[in-house]
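A.B. asks: First to last, the protein sequences are chains F and E.
For the first sequence, the residue numbers in my numbering are 1 to 490.
For the second sequence, the residue numbers in my numbering are 1001 to 1490.
We put the beta carbon where it would ideally sit given N, CA and C, even for glycine.
For reference, the structure I am asking about is given below.
There are 2 protein chains.
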Amino acid sequence: MSNKGITPRNEDYSQWYLDIIDRAELAENSPVRGAMVIKPYGYAIWEKIKEQLDQRIKDRGCKNAYFPLFIPKSFLSKEADHVKGFAKECAIVTHYRLKEKEDGTGVEVDPEAKLDEELIVRPTSETIMYDTFSRWITSWRDLPLKINQWVNIVRWERRTRPFLRTSEFLWQEGHTVHETEEQSLEEVLGALEMYRKFAREVLALETLTGIKSESEKFAGANDTYGVEAMMQDGKSLQFGTSHDLGQNFARVFNIQFTNKDGKLEYPWQTSWGVSTRMIGAVVMSHSDDKGLVLPPKIAPIKVVIIPIYSDNDKDKILEYSKGVYNSVKEITEDIEFDDRDYVTAGYKFNEWEKKGVPIRIEIGPRDLENNQCVIVRRDILEKNELPVSNVQEYVENLLDEIQKNILKRSEELLVSNTYSVDSYEEFKDIISARRGFVHAYWCGNPDCEEGIKVDTKATTRCQTEEGRKNTGPCIYCGEHGEEWVFGISY
Amino acid sequence: MSNKGITPRNEDYSQWYLDIIDRAELAENSPVRGAMVIKPYGYAIWEKIKEQLDQRIKDRGCKNAYFPLFIPKSFLSKEADHVKGFAKECAIVTHYRLKEKEDGTGVEVDPEAKLDEELIVRPTSETIMYDTFSRWITSWRDLPLKINQWVNIVRWERRTRPFLRTSEFLWQEGHTVHETEEQSLEEVLGALEMYRKFAREVLALETLTGIKSESEKFAGANDTYGVEAMMQDGKSLQFGTSHDLGQNFARVFNIQFTNKDGKLEYPWQTSWGVSTRMIGAVVMSHSDDKGLVLPPKIAPIKVVIIPIYSDNDKDKILEYSKGVYNSVKEITEDIEFDDRDYVTAGYKFNEWEKKGVPIRIEIGPRDLENNQCVIVRRDILEKNELPVSNVQEYVENLLDEIQKNILKRSEELLVSNTYSVDSYEEFKDIISARRGFVHAYWCGNPDCEEGIKVDTKATTRCQTEEGRKNTGPCIYCGEHGEEWVFGISY
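This is how it looks when you write it as structure tokens:
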């Protein structure tokens, strides 16, 4: 555990984020460019996320499977837009053997072990999956087909930041195939809503959902819907996406089914995913200058118990503290008993605050005497004394209360960073001063979108369902427009 | 679901195995050479295995983490034996971008996007992990360090078979670092024992454990211990391994810690892993000519309920069957209600038998009349009629009974395929006629081991703890030897 402090947010928000990742021991850079090592504490958060989201995905009727890491170059190339979107950031396997150098100084790629066709390390799995789907699907009885996988993904990003953008990351990708366009669109929005609810109910993150513009959509999709979260610096973070793939991939991979009338048809497809990026969103939106703040539902350690003793009362206090520990353990397995005797209590407080443990229970001589304990909640750093007889019920309620409070703060963060403007001047003022989600009319012309981006760095984040109904003059060109949400995104 | 039959074991054991993989819908070949698609039913078995083994690994004090997929070539090269062992079967990333061909016919590798240093897709993660460990470990307080990861692995195997040997597979790899050699050896044997118990208690597989010979050990290890299972054709299957790495990697990656006396020391390391190969072992040892046989503890569906009705009694029978379903569901979530009306009951029986579902409950008009149901257990295909009032308790006990019975068969399979020989003639006779685990004296000379392999295809599988104490003349050269177990391995 690092003893170093954390750069305050208002001093350098970007460094603050990196400090939290480091001091909370979530991840660190690896020797491989842009790839991170997810450390045990960070990975434990991922396991919590994965377990709860996996259940929701299965509840939607999806089954998990596993498809190959490598994608033949010819597969990736089949859908023209798709390959354009991913060609520039692929890791490419060209050889399958190393050999010893003749001068004995090490190993080199064996030129004789060149692959006939290069393999791309999956940047996403539409092509490798849909080739297989074309053999799995023959009749309407095979539909809907709903497959999900939890895997690693490689995209050769130029600028990387832990969790937010890394050349390798972990994600889940759901892929569904349907008889009708209607069912397919229902799935696209159903997955989107699953992500929105998961963000709220588990990650305590309020988000905005809506359709993406042409320039921001997934390469190969008809439409992409996004879940956008608001960070404390007013920037937005795309948290997950859900794609309406239409029949685009079905046509190029020749997925066809016999419909109920006995006719051959192309089915309709969707794909949707969220990644370890979620951890970045959680860190950035909930944490403070003292360190990480975690919603209890994804906290690997929900409660830490810290006995404070001297040589005189050590045994008594440890015994008393163990009693509290055992009582709280009945309501959560995610509990730590910190009886290390080579660091001070103050060091421990600091460490668990940095790690965002929702509840800290301190037990010292005075507590032993008064049959009480001291409870500190991480979200607002409030300290309370409590009779030990109440501790179990109190902790159970407090975990709920903390989860709710963090969500409430996230809702407030989103609301207080949301603006509506009519003019481009106003737009530029707000974006440069406060960023945020700025609702403004846009005509839909990519040139205007690009112009706004060049001027302000703001891009369209999404169009909400209500936004579609609100019309007015495009802030950039004055033509007829619809309401879109702009922002500066991570 | 394929309607095709299954090749009987005694006709073509190898084809029988492939048929089971196919008909039970566990996996299929992918368009990527040697890599398989793990289908939902096969993956669900993997999830059952993973969940239960993960808990045992955590109970040993290991924490999960995630390290990069790519390993810089220079890292892999650091430990001389290690790189020799893996150089011949690596997938190598040399470029990071595709570009459109000038003639517009597709994409090609962009020669300008060549990596300065090639990246190897991890064939195992010692090197990438231990480079990081060298920064994590400074003091004896940082030890033991126990890290595990569940990841995909790539080894460019020439001959592949689903689950048993694939160019990409899924596994867990545990890596531990210790202050003393003694602690490290305790971990090596502790992990081995964990695998042995897991095989027995969860996979219902009896195994043999012991140390491997020099020629069979892990590249870079001082010693490797293996868990060997017996298949129905008398061949053995290495199910998992645990390596004593000594200080070999610590020295080359410069992992050092200050010991309790304030002196810098190299720590002692272990690594150990099991993979999707376990599924191959389960399939091969338990299944029969009707299809897959699964131990209930890893069966994605433990009980299937099949209502058998005509148009006249459909509603009544469905309602009655649902009652049975709800009752059994209270003891297991892994239950399926098969009310498909476009296939016959006979088709369903056949399908679920192929898929190895441990218990099938059939409910027809006669059962409705007599307030009973018909229960068929998959392991011995025995059929019983049962009053519905008893169904819950009966199923619960039967699941236990099936688990035990499959283990018992596995124990018998191992015992009945175990031989002891004193002469090479006898050895050759048994190996050629029956294969099996053949206990025989060997002097430890790799030339004799190689000679035996050339003559008979048999290799040393391992030396058990008792074997070490038994000595006699080497069956190949007559010199002083110890008892080893030989076999023909998958």
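#1: Closer than 8 Å, CB to CB, is V1154(E) near chain F or not?
#2: Can you pull the chain F neighbours of H1082(E), defined as C-beta to C-beta under 8 Å?
#3: Along the stretch 87–110 of chain F, what residues have a CB closer than 9 Å to any CB found in chain E?
#4: Enumerate in chain order the residues of its own chain whose CB-to-CB distance from D19(F) is below 7 Å, with the five nearest sequence positions on each side excluded.
#5: Apart from the five residues on each side of it in sequence, which residues of its chain come closer than 6 Å, Cβ to Cβ, to K212(F)?
#6: Ordered along the chain, which non-local residues of its own chain (more than five positions away) have a Cβ less than 8 Å from that of A1065(E)?
#7: Could you check where the beta strand (DSSP E) with K1404(E) kicks off and where it finishes?
#8: Does E118(F) have its Cβ less than 8 Å from a Cβ in chain E?
#9: The ligand NAD heavy atoms versus the CB of D54(F): any closer than 7 Å?
#10: Below 8 Å between beta carbons: does that hold for I363(F) and V324(F)?
#11: On the CB-based measure, 16 or more other CB atoms within 10 Å of its CB, does D288(F) come out buried or exposed?
#12: What first and last residue would you give for the alpha helix (DSSP H) that runs through I1452(E)?
#13: Kindly indicate the opening and closing residues of the beta strand (DSSP E) around V1154(E).
#14: Mind listing, in chain order, the continuous alpha helix (DSSP H) runs of no fewer than 4 residues lying wholly within the stretch 1065–1096 of chain E?
#15: State the Cα-Cα distance for the pair A1027(E) and G1042(E), rounded to the nearest angstrom.
#16: Terminal residues of the continuous alpha helix (DSSP H) containing N1370(E)?
#17: Taking a cut of 9 Å between CB atoms, which residues from the stretch 1132–1148 of chain E lie near chain F?
#18: Could you compute how far the alpha carbon of N973(E) sits from the alpha carbon of R1409(E)?
#19: By DSSP, does G1487(E) sit in helix, in strand, or in coil?
#20: Kindly give me the distance between the Cβ atoms of L1076(E) and I1120(E), rounded to whole angstroms, as I take these residues to be in contact under 8 Å.
#21: Please list, in chain order, all residues of the same chain as R1155(E) whose beta carbon is under 7 Å from its beta carbon, the five residues on each side excluded.
#22: Which residues, in order along the stretch 1056–1078 of chain E, keep a beta-carbon less than 8 Å from a beta-carbon of chain F?
#23: Per the DSSP calculation, D223(F) is bridged to which residue(s)?
#24: Using 10 angstroms around the beta-carbon of T105(F), count the other beta-carbons present and answer buried if the total reaches 16, otherwise exposed.
#25: Kindly give me the distance between the Cβ atoms of V485(F) and F427(F), rounded to whole angstroms, as I take these residues to be in contact under 8 Å.
#26: Under a CB-based cut-off of 8 Å, is V357(F) close to chain E?
#27: By how many angstroms is the C-alpha of P1307(E) removed from the C-alpha of S1002(E)?
#28: Specify, as a first and last residue, the run of the beta strand (DSSP E) that P1387(E) falls within.
#29: Taking 8 Å as the limit between beta carbons, can you name the residues of its chain near V1357(E), skipping five residues before and five after?
#30: Among all the DSSP beta bridges, which residues are the ones paired with N942(E)?
#31: Since I38(F) sits in a beta bridge, which residues does DSSP pair it with?
#32: Run through DSSP, which three-state label would D1116(E) get?
#33: Using 8 Å as the threshold, is the C-beta distance between A505(F) and K84(F) below it?
#34: So with CB distances below 7 Å, who are the chain F contacts of A1250(E)?
#35: Which of helix, strand or coil does DSSP assign to L1170(E)?
#36: Would you decide whether T1344(E) is buried or exposed? Buried here means 16 or more other CB atoms lie within 10 Å of its CB.
C.D. replies: Working from what's here:
#1: Within the second sequence, numbered from 1, the residue matching residue 1154(E) stands at position 154. So yes, V1154(E) belongs to the interface.
#2: The sequence position of residue 1082(E) within the second sequence is 82, counting from 1. What H1082(E) touches in chain F: nothing, since even the nearest Cβ is about 11 Å away.
#3: A87, K88, E89, C90, A91, I92, V93, T94, H95, Y96, R97, L98, K99, E100, G106, V107, E108, V109, D110
#4: Translated into the one-based positions of the first sequence, residue 19(F) becomes position 19. Cβ within range, chain order: I6, T7.
#5: As a first step, residue 212(F) must be located in the first sequence, where it is residue number 212. T224, G226, C462.
#6: Position 65 of the second sequence, counted from the start, is the residue given in the question as residue 1065(E). Here the set comprises I1147, N1148, Q1149.
#7: For the purposes of this step, residue 1404(E) is taken as residue 404 along the second sequence, with counting starting at 1. Taken as a continuous stretch (DSSP letters only), K1404(E) belongs to no beta strand (DSSP E), being part of the alpha helix (DSSP H) at 1391–1416.
#8: Taking the first residue of the first sequence as 1, we reach residue 118(F) at position 118. Chain E contact via Cβ: present.
#9: Questions concerning the ligand NAD fall outside what the structure shown contains, since it holds no ligand whatsoever.
#10: Against the first sequence, residue 363(F) aligns to sequence position 363. Against the first sequence, residue 324(F) aligns to sequence position 324. Judged by their CB atoms, I363(F) and V324(F) are nearer to each other than the 8 Å cut-off.
#11: Mapped onto the first sequence, residue 288(F) falls at position 288. The residue in question, D288(F), is buried, as its Cβ has 16 or more Cβ neighbours within 10 Å.
#12: Taking the second sequence and counting its residues from 1, one reaches residue 1452(E) at position 452. Counting along the chain, I1452(E) sits inside the alpha helix (DSSP H) bounded by residues 1446–1456.
#13: In the second sequence, counting from the first residue as 1, residue 1154(E) sits at position 154. That run of the beta strand (DSSP E) goes 1145–1154.
#14: Taking only runs of at least 4 residues, the alpha helix (DSSP H) segments lying wholly in the stretch 1065–1096 of chain E are 1073–1076, 1080–1086.
#15: Mapped onto the second sequence, residue 1027(E) falls at position 27. Mapped onto the second sequence, residue 1042(E) falls at position 42. Using only the alpha carbons, I get a separation of about 6 Å.
#16: Translated into the one-based positions of the second sequence, residue 1370(E) becomes position 370. First-last of the alpha helix (DSSP H) with N1370(E): 1365–1370.
#17: T1132, R1135, W1136, R1141, I1147
#18: As displayed, chain E neither begins before 1001 nor continues past 1490, which places residue 973(E) out of reach and without an answer.
#19: In the second sequence, the residue the question calls residue 1487(E) occupies position 487. DSSP places G1487(E) in strand when its eight states are reduced to three.
#20: Along the second sequence, read from residue 1 onward, the residue named residue 1076(E) stands at position 76. Along the second sequence, read from residue 1 onward, the residue named residue 1120(E) stands at position 120. With a Cβ gap of about 5 Å, L1076(E) and I1120(E) count as contacting.
#21: Walking along the second sequence from the start, residue 1155(E) turns up at place 155. Contacts found: E1089, P1123, S1167.
#22: Within the stretch 1056–1078 of chain E, the residues whose Cβ lies closer than 8 Å to some Cβ of chain F are K1063, N1064, A1065, Y1066, F1067, P1068, L1069, F1070, I1071, P1072, K1073, S1074, F1075, L1076, S1077, listed in chain order.
#23: As a first step, residue 223(F) is located in the first sequence; it is residue number 223 there, counting from the start. Per DSSP, D244(F).
#24: Position 105 of the first sequence, counted from the start, is the residue given in the question as residue 105(F). Taking all protein chains in view, the Cβ of T105(F) is surrounded by fewer than 16 other Cβ atoms within 10 Å, so the residue is classified as exposed.
#25: Counting from one through the first sequence, the residue named residue 485(F) turns up at place 485. Counting from one through the first sequence, the residue named residue 427(F) turns up at place 427. Going by Cβ atoms, the distance from V485(F) to F427(F) rounds to 12 Å, so no, they are not a contact pair.
#26: Stepping through the first sequence from its first residue, residue 357(F) is reached at position 357. Cβ-Cβ to chain E under 8 Å: no for V357(F).
#27: Looking up residue 1002(E) in the second sequence gives position 2. Looking up residue 1307(E) in the second sequence gives position 307. Only weak support exists for where S1002(E) lies, its pLDDT of 49 falling under 50; the value from the coordinates is given anyway. S1002(E) and P1307(E) have their C-alpha atoms some 22 Å from each other.
#28: Here residue 1387(E) is taken as the residue at index 387 of the second sequence, counted from 1. First-last of the beta strand (DSSP E) with P1387(E): 1382–1387.
#29: Within the second sequence, residue 1357(E) is the residue found at index 357, counting from 1. Cβ within range, chain order: L1294, A1299, I1301, K1302, V1303, V1304, E1336, R1378.
#30: Within the shown structure, residues of chain E are numbered from 1001 to 1490, placing residue 942(E) beyond reach of any answer.
#31: For this step, residue 38(F) is matched to residue 38 along the first sequence. The partner list for I38(F) (beta bridge, DSSP) reads A27(F), Y1066(E).
#32: Along the second sequence, read from residue 1 onward, the residue named residue 1116(E) stands at position 116. The three-state reading of DSSP puts D1116(E) in strand, counting E and B together.
#33: Outside the shown range of chain F (1 to 490) lies residue 505(F), about which nothing can therefore be said.
#34: By one-based count along the second sequence, residue 1250(E) stands at place 250. Per Cβ cutoff of 7 Å: no residues; A1250(E) is ~17 Å from chain F at best.
#35: Walking along the second sequence from the start, residue 1170(E) turns up at place 170. Three-state result, L1170(E): strand.
#36: For the purposes of this step, residue 1344(E) is identified with residue 344 of the second sequence, where counting begins at 1. Under a 10 Å Cβ-count criterion, T1344(E) is classified as exposed, with fewer than 16 other Cβ atoms of the shown protein chains found around its own Cβ.
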